[in-house]
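A short worksheet on the structure shown next.
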Amino acid sequence: MNDHGIPDSAEGFSVFAVDADWPQSRQVMGHGHDRVTGDMHVYLRFGSPHFDPEAAHVQVYSASSGNAETGEALGRAFEDYHYPEEPPSDVPASEPVTITADGQPMTLELWRIGSTRRWVARGRAGSTDVVLSGAEIEPSELNLVRVTDLTSFSPLG
6 MNDHGIPDSA EGFSVFAVDA DWPQSRQVMG HGHDRVTGDM HVYLRFGSPH FDPEAAHVQV
66 YSASSGNAET GEALGRAFED YHYPEEPPSD VPASEPVTIT ADGQPMTLEL WRIGSTRRWV
126 ARGRAGSTDV VLSGAEIEPS ELNLVRVTDL TSFSPLG
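Next comes the structure, spelled out in structure tokens:
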């Protein structure tokens, strides 16, 4: 962990955040580094610190490429928007969506959750796997930026 709260970097690993124009609070939900595998991840949340799947928010999960935690993060993102009797297998097929990550286009797999404005997306920027989830914000309007300092983010909790 460096002085700015980011796990010591693995080759090519970057932490992504919603750009500085985000009007609401910015929180660190968690982070981890596996010393054995070198895998690392960071969870960030933009929006109310009180989880409400209907309120405007975006969660950004960044992980070193191939990190086993990425699949779990995607599963948790789906679970946030489903009742226990509605498993993620009920989600329709994904569609591609392009966002901007560090000024470059990034194509994601996007799953829209029913007729709501909730969604889950997954993609890769260089050697970083990214899982996004959100509500009331159109994902194609997002602009992600690399962050090297998490001290400006509030801890969630």
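Each residue of the sequence shown is one higher than the one before, counting from 6 in the numbering used here.
Positions of the beta carbon are idealized from the N, C-alpha and C atoms, including for glycine.
Everything numeric in this text was worked out from a predicted model, so none of it was measured.
In summary, Arg40 is exposed, with fewer than 16 beta-carbon neighbours lying within 10 Å of its beta-carbon over all protein chains present.
For Arg117, the pairing in a beta bridge is given by DSSP as Trp124. A distance below 7 Å between beta-carbons, with the five flanking residues on each side excluded, links Ala61 to the following residues of its chain, in chain order: Gly52, Ala140, Glu141, Ile142. DSSP links Ile104 through a beta bridge to Met111. Contact between Val136 and Thr42 fails: their C-beta atoms lie close to 18 Å from each other, not under 8 Å.
The alpha-carbon of Gly80 is positioned some 14 Å away from that of Tyr48. Around the beta carbon of Gln109, fewer than 16 other beta carbons lie within 10 angstroms, which makes this residue exposed.
Judged by their CB atoms, Gln32 and Pro144 are not nearer to each other than the 8 Å cut-off.
Take the alpha-carbon of Thr105 and the one of Trp27: they are about 15 Å apart. Exclusion of the five residues before and after Phe158 leaves Arg31, Gln32, Val33, Leu49 as the residues of its chain whose Cβ lies within less than 7 Å of its Cβ. Judged by DSSP in its simplified three-state form, Asp134 adopts strand. Per DSSP, Gly76 is one residue of the alpha helix (DSSP H) stretching across 74 to 85. Distances from the alpha-carbon of Gly119 to those of Thr153, Phe83, Thr156 put Phe83 closest. Excluding residues up to 5 positions away in sequence, Ser99, Arg127 lie with their Cβ nearer than 6 Å to the Cβ of Glu114 in the same chain.
Per DSSP, reduced to three states, the secondary structure at Ser145 is helical.
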